[in-house]
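A.B. asks:
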Amino acid sequence: MSDSMNTKQEDRREFLKAGALVAGVTLGPGVLFYGVAHSRAPEEGASSNQRWGMLIDTTKCGDGCNDCVTACNTENGLSGHTGPQDSQWIRKVDIKDLRTGYVQSLPMMCQHCENPPCVDVCPTGASMKRADGIVLVDRHSCIGCRYCMMACPYKARSFVHEPLTDQNPEVPRGKGCVESCTFCVQRVDRGEQPACVEACDAKGHKAMIFGDLKDPESEVSKALKSTDSVEVRADLALNTGVRYQGI
Amino acid sequence: MAQQLCINQGECRTGQFISLLALGGLVILGALYAFFTLEHHGHILTGMTNQIVWGLPHVFAVFLIVAASGALNVASIGSVFGKQVYKSRAPLSGMLALALLAGGLAVLVLDLGRPDRLIVAMTHYNFKSIFAWNMIFYNGFFAIVGLYLITLMDRRLKMWSKPVGYMAFFWRLSLTTATGSIFGFLVARAGYNSALIAPMFVIMSFAYGLAVFMVVQSSMYRWNGIKLDEGVRRRMKNLLAVFVGASLYFTVVFHLTNLYFAKQWEFERFILLDGGIYTTVFWVGQVIIGGIVPLILLFMPRSKDAQSMCFCFLAPLLVILGGIAQMYVTIVGGQAFPLVIFPGHEVQSSFYDGIVNAYSPSVYEWLLGMGGVGITFVLTVVAVRVFKFMPQDDFQTLQSRRSTD
Amino acid sequence: MARVANLPGLGKWFRLAVCLGAVAFMAIPSMQAVAGVDLPKLEHGKGDKCVDEEDYIRRNHPDLLKHHRDDTLRKGIRTTKYSLRKCVECHAGSKTGSVASSKEDFCVACHSYAGVKLDCWDCHATKPGKRPVNQTAQPSLSPLMPSHGGSQ
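Which chain is which? The protein sequence lines are U, D and S, in order.
Take any residue in the first sequence, count from 1 to its spot, add 805: that is its number in our numbering.
Take any residue in the second sequence, count from 1 to its spot, add 1062: that is its number in our numbering.
Take any residue in the third sequence, count from 1 to its spot, add 3: that is its number in our numbering.
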């Protein structure tokens, strides 16, 4: 991991946190402020002082366990079907080393790259990266050209092939646009964990740690510092937000 | 009906003209039907999936766009390199370039997931995206080639045709470079990700564009009962042969390079040996039908009386078919080969990781793709009838030139 | 058959007729409006009043929503005053529970009257959440937090 990613701007962060707290309190009733490391007031936007990321320990990931996928589908209103035209934001991939025969199972989704190829290739700028590193599709300007799907090295994106109804109010999705894992941005902005991580914890596997990569005190940063982890397709030098341990 | 009312040269065969229009119009109607159906039901009706995201419509669209740039070649040789034989063909070449581009772009747009947001694509540009640059190049191409056509066809503006021709020439090279780079810049996929793709597309555009030009020219001459001058014919067939040869050369170098890189072996094995339909389309379509057979036809010595058909119509027609085959292998084959996410591992998932992705285009994709051809066809038929696009050679000059050449 | 060369002969009368015809055709819908289409009857939303003056909202809601959507999506600003989701929560019709399922529903009633195409509901939910959003709950940082549907 690059050192710059963890560059500490503690003072500024503390200041923002305090400011947000004041703002939250000033707003008065109805607004509850969570005093955890990565929560913030609604009117405070995503900040580049944070970078959301994840460490996935493949040795803890359960073979045959699909809970992260199910949780993602429920949270984001995906059908859960796995036909070639159905959306899958997260999937379990079973890999077997061709030389040694060693078998592993791991979840694969948008890796939230620092230099995302999908954002580079998008003609309209619909494919975008938030200040805090979450890569999203702005459906309001997505024209459905699917060039980002050609460019993504992780096959993380899906195209919505048919009209949808009854979406989750927090997760708009619709025909003709491209979509992918959002790190459950609607939850993260509330200070919660992505649904997949929560489900993995609930199952007791605890294979996924989510948090702020720029906060040296966060669980994910500490874990990353103490173990050897890799990014998938490290040869592409995309500096992914999701890293794996054990592969 | 009185012949002097005909604007066009030669015989005015209104009935046949109308039937040609009707044929083209029918094909366009089919594309519109497909478009509105897909607009309503979504791409679920197509054979395209989350694995094969670009399918048959893109094969046709990219072919037409690449051929558009190449069709302008004839005009460029006239204006930029000053060859008289090509100068008299410049207007037809420019018009064809516009018609081909219009057809190709129409398919591209009609296949979008949200075609209603075309205005977004025209007003929001991400300048890091080569796709966005392509949109600028396409729009600019219409403007510049349109202007070029005016300077070619209006006697008072003739003196501008050379500078504008130069501009069109460089614009066209940039356009095809950008089109090739749409694939060349895809860093993750084994089938693309090569600097060679852009120049290869430029060379192929020369071949495809000239082939389309020759087919149209032959048809026009035959339609009007005119015989193409032997010298002109020989020049054009030699030029086409050079371009087809160069395309083959680039194909060889492209695959040789890949064969040298161990990490690309699996992809090369897929395309060259055991990729099923893609291997077949590559060898039979792209290499044999689109390359070797036309070369044989073009260079085969034959008697004077059996000439015109094979040289100036069949050979370029095969080059066009080979071009569509090449696009199919490049675009669909490149995606059918599984994306390598974990090198050195056997991969399995619910999202079709690690397997060769199946693709069978539905009728809607065929309708959309053929619609692009239909648009090009109708535009060409109308333009050729309304304006004076028939290449007219000054035979005496040709005769005297040939004796001095 | 009229040939292109003959067109000038058809002259200005023909062109005038074509233009007039086109204008008349385009004027048909507005004439219908003049003839009197009933104003849409809008169901009153929940609560006493809207988040702003009604006139202001009526005139400016497209800009407000657009601005808010860009702030929320691109910058992560999650204020609720001009959020589309909040609109839906208050204005979902009592019959359908939706803002855009039937012709009487809030958004559709007005937009069909004004003849302005709505693009929102291709992607956005037209009903308030099926699953109530846990705004005031403790953050679920603890693995013991009940998940929304983690083990469905």
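All C-beta atoms, glycine included, are put in the ideal place defined by N, C-alpha and C.
Report the neighbours of E1292/D on chain U: residues whose CB is nearer than 8 Å to its CB, in chain order.
C.D. replies: The contacting residues do not exist; E1292/D stays about 47 Å from chain U at best.
A.B. asks: Between the Cα of I1333/D and those of W1222/D, F1193/D and Q1397/D, spot the shortest distance and give me the residue it belongs to.
C.D. replies: That would be Q1397/D, whose Cα lies nearest to the Cα of I1333/D.
A.B. asks: In the DSSP assignment, the alpha helix (DSSP H) including I1479/D goes from what residue to what residue?
C.D. replies: A query on residue 1479/D cannot be resolved here, the shown segment of chain D reaching from 1063 to 1467 and no further.
A.B. asks: Considering only the alpha carbon of each residue, which of R1251/D, Y1270/D and V1381/D lies closest to N1320/D?
C.D. replies: Among R1251/D, Y1270/D and V1381/D, the Cα nearest to that of N1320/D is on R1251/D.
A.B. asks: What are the residues that DSSP puts in a beta bridge with D902/U?
C.D. replies: Paired residues: H1407/D.
A.B. asks: Please state the DSSP three-state secondary structure of V830/U.
C.D. replies: Here V830/U scores only 44 on pLDDT, less than 50, and its place in the model should not be relied on; the value that follows carries that caveat. Correct three-state label for V830/U: helix.
A.B. asks: Counting only C-beta atoms, is T887/U closer than 8 Å to chain D at any point?
C.D. replies: Closer than 8 Å to some Cβ of chain D, the Cβ of T887/U qualifies, so yes.
A.B. asks: What are the boundary residues of the alpha helix (DSSP H) that includes K1299/D?
C.D. replies: Where K1299/D is concerned, the enclosing alpha helix (DSSP H) stretches over E1292 to Y1322.
A.B. asks: Below 9 Å between beta carbons is the criterion; list the residues of the stretch 1409-1433 of chain D that meet it against any residue of chain U, in chain order.
C.D. replies: For the stretch 1409-1433 of chain D, which is checked against every Cβ of chain U, the residues closer than 9 Å are V1409, Q1410, S1411, S1412, F1413, Y1414, D1415, G1416, N1419 and A1420.
A.B. asks: Less than 8 Å between the beta carbons of L1211/D and P1153/D, yes or no?
C.D. replies: Yes, the pair counts as a contact, with Cβ atoms nearer than the cut-off.
A.B. asks: Which bits of chain U does V1182/D rub up against, with CB to CB less than 9 Å?
C.D. replies: Neighbours of V1182/D on chain U, chain order: T929, A931, H945, S946, C947 and I948.
A.B. asks: Bridge partners for K157/S per DSSP, in chain order?
C.D. replies: Residue 157/S is absent from the model: chain S starts at 4 and stops at 155.
A.B. asks: For the stretch 1101-1126 of chain D, which residues have a beta carbon sitting closer than 7 Å to at least one beta carbon of chain U?
C.D. replies: Correct list: H1103, G1104, H1105, I1106, T1111, N1112, Q1113, V1115 and W1116.
A.B. asks: According to DSSP, L984/U sits in a beta bridge with which residue or residues?
C.D. replies: The amino acid occupying residue 984/U in the given sequence is Glu; Leu does not appear at that position. Its beta-bridge partners are S963/U.
A.B. asks: Which two residues bound the contiguous alpha helix (DSSP H) that contains Y59/S?
C.D. replies: Where Y59/S is concerned, the enclosing alpha helix (DSSP H) stretches over E57 to D73.
A.B. asks: Along chain U, which residues have their Cβ under 8 Å away from the Cβ of V1394/D?
C.D. replies: Under the 8 Å cutoff, chain U gives no residues; its nearest Cβ is about 12 Å from V1394/D.
A.B. asks: Can you check whether the C-beta of A828/U is within less than 8 Å of a C-beta belonging to chain S?
C.D. replies: A caution first: A828/U carries a pLDDT of 48, below 50, which makes its placement in the model unreliable, though a value can still be read off. Not one chain S Cβ lies under 8 Å of A828/U.
A.B. asks: Could you tell me whether the Cβ of T831/U comes closer than 8 Å to any Cβ of chain S?
C.D. replies: Residue placement at T831/U is poorly supported in this model, since its pLDDT is 44, which falls under 50; the coordinates still yield a value, given next. Output row for T831/U: interface = no.
A.B. asks: Using a Cβ-Cβ cutoff of less than 8 Å, which residues in the same chain neighbour M1197/D once the five nearest sequence positions on both sides are dropped?
C.D. replies: These residues qualify, in order along the chain: A1183, M1184 and Y1187.
A.B. asks: Per DSSP, P912/U is paired with what?
C.D. replies: Answer is K897/U.
A.B. asks: Please report the residue range of the beta strand (DSSP E) in which D925/U lies.
C.D. replies: No beta strand (DSSP E) contains D925/U, which is instead part of the alpha helix (DSSP H) from P922 to V926.
A.B. asks: Measure the C-alpha to C-alpha separation of P1356/D and Y907/U and round it to an integer number of angstroms.
C.D. replies: Taking the straight line joining both Cα atoms gives about 51 Å.
A.B. asks: Just mark A117/S as buried or exposed, buried being the case when its beta carbon has 16 or more other beta carbons within 10 Å.
C.D. replies: That one is exposed.
A.B. asks: I'd like to know if the stretch 74-87 of chain S and the stretch 932-946 of chain U are in contact, where contact means that at least 3 CB-CB pairs between them fall below 8 Å.
C.D. replies: With a cut-off of 8 Å, the stretch 932-946 of chain U and the stretch 74-87 of chain S count as touching, because enough Cβ pairs lie within range.
A.B. asks: Can you look up Y1081/U in the DSSP assignment and give me helix, strand or coil?
C.D. replies: As shown, chain U starts at 806 and ends at 1052. That puts residue 1081/U outside it, with no answer to give.
A.B. asks: For M1432/D, which of helix, strand or coil comes out of DSSP?
C.D. replies: Reduced to three states, the DSSP call for M1432/D is helix.
A.B. asks: Who are the near neighbours of I872/U in its chain, counting only those whose CB is closer than 7 Å to its CB and skipping five residues on each side?
C.D. replies: Per the sequence shown, the amino acid found at residue 872/U is Asp instead of Ile. For D872/U, where only same-chain residues beyond five positions count, the Cβ hits under 7 Å are A1004, C1005 and K1008.
A.B. asks: Which residues in the same chain have their Cβ closer than 8 Å to the Cβ of Y1426/D, if we skip the five residues on either side of it in sequence?
C.D. replies: The answer, listed in chain order, is A1096, T1099, L1100, L1107 and T1108.
A.B. asks: Using DSSP with H/G/I as helix, E/B as strand and the rest coil, what is L1402/D?
C.D. replies: The residue you asked about is not Leu; residue 1402/D is Val in the sequence shown. In this structure, V1402/D counts as coil in the three-state DSSP scheme.
A.B. asks: Are the Cβ atoms of V1136/D and R1151/D separated by less than 8 Å?
C.D. replies: A contact, by the Cβ cut-off of 8 Å.
A.B. asks: Would you identify the three-state DSSP class for M1013/U, choosing helix, strand or coil?
C.D. replies: Correct three-state label for M1013/U: strand.
A.B. asks: Between the C-alpha atoms of L1380/D and M1229/D, what's the straight-line distance to the nearest angstrom?
C.D. replies: Near 31 Å, if we compare the C-alpha coordinates of M1229/D and L1380/D.
A.B. asks: Buried or exposed: C22/S, going by 16 or more other Cβ atoms within 10 Å of its Cβ?
C.D. replies: That one is exposed.
A.B. asks: Give the DSSP-derived three-state secondary structure of G1337/D in the structure shown.
C.D. replies: G1337/D: coil per DSSP, three-state reduction.
A.B. asks: Using C-beta distances below 7 Å, list every residue in its chain close to V1249/D, excluding the 5 sequence neighbours before and after it, in chain order.
C.D. replies: So the qualifying residues of the chain are N1255.
A.B. asks: Does E1022/U have its Cβ less than 8 Å from a Cβ in chain S?
C.D. replies: Chain S contact via Cβ: absent.
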